[in-house]
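Below is one structure, written out as structure tokens, with a few remarks after it.
Protein chains: 2
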Amino acid sequence: MVSDIPYKIYLDESEMPQAWLNLQAYLPEPIEPMLNPQTLQPVTKEDMERVFCREAVKQEFNTSDRFIDIPHAVRDFYVMYRPSPLVRAYHLEKYLDTPAEIYYKFEGSNTSGSHKLNSAVAQAYYAKGQGLDALTTETGAGQWGTALSMACGFYGLKLTVFMVKVSSEQKPYRKAVMETYGAKVIPSPSETTAVGRRILAEHPGTGGSLGCAVSEAMELALQTENCRYALGSVMNHVILHQTIIGLECHKAMQKYGLYPDIVVGCVGGGSNFGGLIAPFVADKLEGKKDVRLVAVEPDSCPTLTRGKYAYDFGDTGRMTPLMKMYSLGSGFMPSPSHAGGLRYHGMNPLVSKLYNMGCLEAVSCAQTKVFEAAKLFARLEGYLPAPESSHALRVAIDEALRCRECGAKKKILLGLTGTGYFDLAAYQAYNNGTMEDGGLSDSELQQGLAGIPNV
Amino acid sequence: MVSDIPYKIYLDESEMPQAWLNLQAYLPEPIEPMLNPQTLQPVTKEDMERVFCREAVKQEFNTSDRFIDIPHAVRDFYVMYRPSPLVRAYHLEKYLDTPAEIYYKFEGSNTSGSHKLNSAVAQAYYAKGQGLDALTTETGAGQWGTALSMACGFYGLKLTVFMVKVSSEQKPYRKAVMETYGAKVIPSPSETTAVGRRILAEHPGTGGSLGCAVSEAMELALQTENCRYALGSVMNHVILHQTIIGLECHKAMQKYGLYPDIVVGCVGGGSNFGGLIAPFVADKLEGKKDVRLVAVEPDSCPTLTRGKYAYDFGDTGRMTPLMKMYSLGSGFMPSPSHAGGLRYHGMNPLVSKLYNMGCLEAVSCAQTKVFEAAKLFARLEGYLPAPESSHALRVAIDEALRCRECGAKKKILLGLTGTGYFDLAAYQAYNNGTMEDGGLSDSELQQGLAGIPNV
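What follows is the structure in structure tokens.
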């Protein structure tokens, strides 16, 4: 490729960031505290430590340190698959005939197939360091469950994964990967927990949901000795771990004197997006640089674009603290879509806050338009993207086409969070023309929003 | 990781080899010519060009040029996923408590999931350059079909893939990937070709075989205007394209003053192994360095270790020229195994020649021992390896354990050809304890060998 900028910008291992960026310490005002739903008082560290690892809780509450060191042992794991490449999408640009430059950060090269491993490793390491024996978690599409299985396999921790039932049936091989790494996988809702039994009694034959699997995993963690619960998104400490993505992008672009005009990422619970944008938000909040930060969500689960900014529960069973966030209601059941990782009713409080402050933009996409972009990218750039990531891809392509119209040489940075290897039933549906767009009617939306408590 | 040698040795794009290494030009005596089975006379370029692309044939017959330039356009594609990383297996070494150093070359990061893309891109590029409209091919496990689908999608060529029927049923998602890249996938044997119809009539309900799919793909290519057949292994031009693997290893190790004592790869048709060992064979034949080169095959298909070095057909339908190679007989049907990519009765003539000259070693492995190694590697090194690659892994681990016994600080270079994402049914069988070892009885062996013609 004739260009000064290589196709793939790799950082050396020695250039890998040694600290995560703590966005909370950059905010002009702190995010609203999580509340205990009974007392409506802020939850304490002690409350949280019954559920989560001590170090994760510490990070969750840290609003002062702008950088938090990545433990040496975590970096030792990271170097197995990091720094991840930042790739210039030359072939896509050429096809689109755009003056824009598209750079994508690809997080799908590791076996978990997504960025989720970045936080899984950290959480498993902290669990081990605290002397725990086991962790529990939930998984929807399977990326997080796989990532945490890998991390627990490495550190020798027992892991129980509650996998949304419909996913575990659709994706038996996701289950097989997790089991290969030693995890126990239970389709949720299950008979294992009280909350699972209650949901099964109320909704016989239900395919489950992420919010329900969260409830089961939390219950099991609380009832098991020397065991905690690990969450793969939504929480601020997860965003913290994911800032390695954005920090690497920032550094890699800097090496070539580049700075993005637009940063685009998909949002489900917000972990990948929050991590991707972190250093750019920091620059923006400090008035150093101006950059458009665009969150992309599916039409079927439009949390930022159509949700309400309010205190809400993180799970269906209403076991979590109340969080101030954009939400479609904890009882909201998104229509089946192929981007399982984006089917979550809520949004990380930090991302929510930034959006509410006007620091971010958000847009939602129809599923078939997303797969059109995914297929084009796969053909031109080789990598088969995950449906989740392809939401960001869709918007990046649209932005590049807009640049063609007006001749703008914008630099677009795109978070490509994972591979579509485990989503081939979705590609098959798109290829066969049987895929639906999966929009959300006003009445479904209102029904969901009505479930948000008045706090 | 505290070490002078980084975890992953990446070459810059500018360091990517610009020419393939032509092992034929290094041999002390040329390999025996392919023969026309009717006349028993050497096949001519003209004969071959009816089936294969012109440039592939030219390379097949090239015994004089030690290096053959990689076309610029092919390098433009290569940089989308190359140079691939050479990784030091620090965690595995530590677990094995071995003084040996294990380096693995990982070819599974691209969407095809294996090294096959290296030749697919070259062959599709040459087909396009020759003004062809279409290619045909066969695929067993699916790696080659996926790789060629990607390459044909990129260059805008039509592609028909005959997929071994049992594989297409076991791996519907492999089919979906190929279709996503625009290929037409036909389970083989099929009613599409005369040879397919004949095999179906003789063996109703058969699950097919690679040799039979080759026959169908060749027949369709011969009967279609402006169309040729592309093969993913066995031929010398395929090995040529795969030498990019070995050349990158050689260069990456050289950067750190390293040279392997042992190079280990798995062998099916021989393409990955031939490509991996090429520069080390060249050094060895020139007396520059001595290095052990170890080919690993499954107990169920022990072509080198138990086959016969003789002229034989490359396909079940006996349509190919006769090639001097190690073979279990073109009618040999290996017992079902999970390393579909290694279930081929023959072996590339160049690899066969080198083995016959005593330049290589060969060893075969039981399937469960292979998966034991695969699972250990997945847990410690993150990547979930393909069953094929895991054969090499098994032997590398055994060598490292031998080093522990004798205290030898050997450097082991291991070809990790692909990921196991599409082989999770196999991992599931291993996890459940239902996997069989898949050996080969003497009577099955003799029956296969009896089919080798007397030439």
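Protein chains in written order, with our numbering: chain A, 1 to 455; chain B, 1 to 455. From the three backbone atoms N, C-alpha and C, an ideal C-beta is built for every residue, glycine too. Since this is a predicted model, take the numbers as computed values, not measurements.
{"Asked": "CA nearest to the CA of Y229/A, picked from Y155/A, L96/A, E49/A, K410/A", "Found": "E49/A"}
{"Asked": "Cβ neighbours of L380/A in the same chain (closer than 6 Å, five flanking residues each side left out)", "Found": "H91, L92, Y95"}
{"Asked": "Contact list for P387/B against chain A, beta-carbon separation under 8 Å", "Found": "None at all; the shortest Cβ gap to chain A is about 12 Å."}
{"Asked": "Residues of the stretch 151 to 163 of chain B with Cβ closer than 7 Å to any Cβ of chain A, in chain order", "Found": "G153, F154"}
{"Asked": "Backbone CA spacing between L304/A and G129/B [nearest angstrom]", "Found": "49 Å"}
{"Asked": "Classification of V455/B by the beta-carbon crowding that lies within 10 angstroms, buried from 16 upward", "Found": "exposed"}
{"Asked": "G382/A: contacting residues in chain B (beta-carbon distance under 9 Å)", "Found": "F77, M80, Y81, N110, T111, S112, L117, M150, F154"}
{"Asked": "Those runs of the beta strand (DSSP E) which lie wholly inside the stretch 305 to 389 of chain B and span at least 3 residues", "Found": "308 to 313, 322 to 327, 361 to 365"}
{"Asked": "Residues near P387/A by beta carbon distance below 6 Å, same chain, minus five either side", "Found": "H338, A339, D423, A426"}
{"Asked": "Buried or exposed by the 16-neighbour rule on C-beta atoms within 10 Å, applied to E191/A", "Found": "exposed"}
{"Asked": "Closest by C-alpha distance to L40/B, when choosing among N236/B, E286/B, F313/B", "Found": "F313/B"}
{"Asked": "Beta-carbon proximity of L384/A to A378/A, cut-off 8 Å", "Found": "yes"}
{"Asked": "Cut-off 6 Å between Cβ atoms - residues of its own chain near V264/B, not counting five sequence neighbours on either side", "Found": "V294, A392, V395, A396, L414"}
{"Asked": "Residue span of the alpha helix (DSSP H) that contains K456/A, given as start and end", "Found": "Residue numbering for chain A in the displayed model covers 1 to 455; residue 456/A lies beyond these limits and cannot be assessed."}
{"Asked": "Same chain only: Cβ atoms within 8 Å of K8/A, ignoring 5 sequence neighbours per side", "Found": "P85, L86, V87, R88"}
{"Asked": "Rounded separation between D315/B and P334/B - CA only", "Found": "14 Å"}
{"Asked": "Chain E within 8 Å of V177/A, Cβ atoms only", "Found": "Although the question refers to chain E, the structure presented lacks it and instead comprises the protein chains A and B."}
{"Asked": "Residues, ordered as in the chain, of the stretch 179 to 208 of chain B that lie near chain A by beta-carbon distance below 8 Å", "Found": "E179, T180, Y181, G182"}
{"Asked": "Sequence-distant residues of the same chain with beta carbon closer than 8 Å to C359/A, five excluded per side", "Found": "V281, K284, L285, L293"}
{"Asked": "Bounding residues of the alpha helix (DSSP H) (the contiguous stretch that carries E169/A)", "Found": "165 to 170"}
{"Asked": "G131/B to M357/B span [Cα, whole Å]", "Found": "40 Å"}
{"Asked": "Per DSSP, the bridge partner or partners of D69/B", "Found": "A19/B"}
{"Asked": "Within the stretch 248 to 302 of chain B, ranges of the alpha helix (DSSP H) (whole runs, at least 4 residues)", "Found": "271 to 285"}
{"Asked": "P298/B vs M325/B beta-carbon contact at 8 Å", "Found": "no"}
{"Asked": "CB contact check: N431/B to chain A, cutoff 8 Å", "Found": "yes"}
{"Asked": "Separation of L276/B from E248/B, as counted between CA atoms", "Found": "9 Å"}
{"Asked": "CB contact check: K375/B to chain A, cutoff 8 Å", "Found": "yes"}
{"Asked": "Residue-level contact to chain B via CB, P336/A, 8 Å cutoff", "Found": "no"}
{"Asked": "Same chain only: Cβ atoms within 6 Å of V2/B, ignoring 5 sequence neighbours per side", "Found": "Here V2/B scores only 39 on pLDDT, less than 50, and its place in the model should not be relied on; the value that follows carries that caveat. Closer than 6 Å at Cβ, skipping near neighbours: no residue."}
{"Asked": "Straight-line gap, P436/B to I5/B (C-alpha atoms, nearest Å)", "Found": "Strictly speaking, residue 436/B in this sequence is Glu, with Pro absent from that position. The alpha-carbon atoms of E436/B and I5/B are separated by roughly 39 Å."}
{"Asked": "P6/A at chain B interface by Cβ criterion, 8 Å", "Found": "yes"}
{"Asked": "Minimum Cβ-Cβ distance from E49/B to chain A less than 8 Å", "Found": "no"}
{"Asked": "Bridge partner(s) assigned by DSSP for T137/B", "Found": "V161/B"}
{"Asked": "Interface flag, Q428/B vs chain A, CB-CB below 8 Å", "Found": "yes"}
{"Asked": "Member of C53/A, S188/A, E107/A whose CA lies at the smallest distance from the CA of L222/A", "Found": "C53/A"}
{"Asked": "Interface positions of the stretch 388 to 410 of chain B facing chain A (Cβ-Cβ less than 7 Å), listed along the chain", "Found": "none"}
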